[in-house]
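Numbering (this note's numbering), first residue to last: 30 to 186.
For reference, the structure is listed below as structure tokens.
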Ligand code: FES
């Protein structure tokens, strides 16, 4: 039965999977923000795919869940509402417009700054969308907004 495949079941090895929304709800609304084990993340639906990222923009903590989605060189990116940084939904890479100082008349082109925003795993099973937090030990700039240091800075702790 469908329920036996529920990846949020505590009895399975995949107990870290957390229910976010129904697939229909996310397809309709395009995005949803949720707390997963105390971490605020946003799940986006774009062109039929689902992507989960840290809610707070790596630059200065802006709320990505109200950012527009744009294609940058064929890559779907969320545009942070605060300072318009572009972040790949799929990889968390930041993009910037590079200018060649040797050739200032050439139009700027988009380049990657590398992965800046932590992304998380998303799965859709039986019409439900689940997220599992990334456990990568690689440091991501967006991690700062989930640190004790930031919580204290904001008077949240
Ligand atoms: Fe996101 Fe500055 S906080 S671009």
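Note that beta-carbon positions come from the ideal geometry of N, C-alpha and C, so glycine has one too.
Cα-Cα separation between residue i and residue j, rounded to whole angstroms
i	j	result
residue 175	residue 130	37 Å
residue 158	residue 71	12 Å
residue 83	residue 76	20 Å
residue 183	residue 125	29 Å
residue 45	residue 78	21 Å
residue 95	residue 134	34 Å
residue 122	residue 106	9 Å
residue 49	residue 137	39 Å
residue 154	residue 62	19 Å
residue 109	residue 100	14 Å
residue 140	residue 179	29 Å
Spatially closest choice to residue i from the options, by CA coordinates
i	options	result
residue 59	69, 97, 86	97
residue 177	151, 67, 134	67
residue 152	64, 81, 62	81
residue 73	118, 156, 123	118
residue 167	145, 141, 156	145
residue 103	92, 116, 93	116
residue 149	140, 128, 172	172
residue 120	92, 181, 163	163
Residue i classed as buried or exposed, judged by whether at least 16 other C-beta atoms fall within 10 angstroms
i	result
residue 112	exposed
residue 143	exposed
residue 165	exposed
residue 64	exposed
residue 147	buried
residue 185	exposed
residue 156	exposed
residue 128	exposed
Below-7 Å beta-carbon distance, residue i vs any chain C residue
i	result
residue 109	Included in the structure is just one protein chain, with no chain C present.
For the stretch 44 to 58 and the stretch 82 to 101, state whether three or more C-beta atom pairs, one from each stretch, are separated by less than 8 Å. No, they do not touch.
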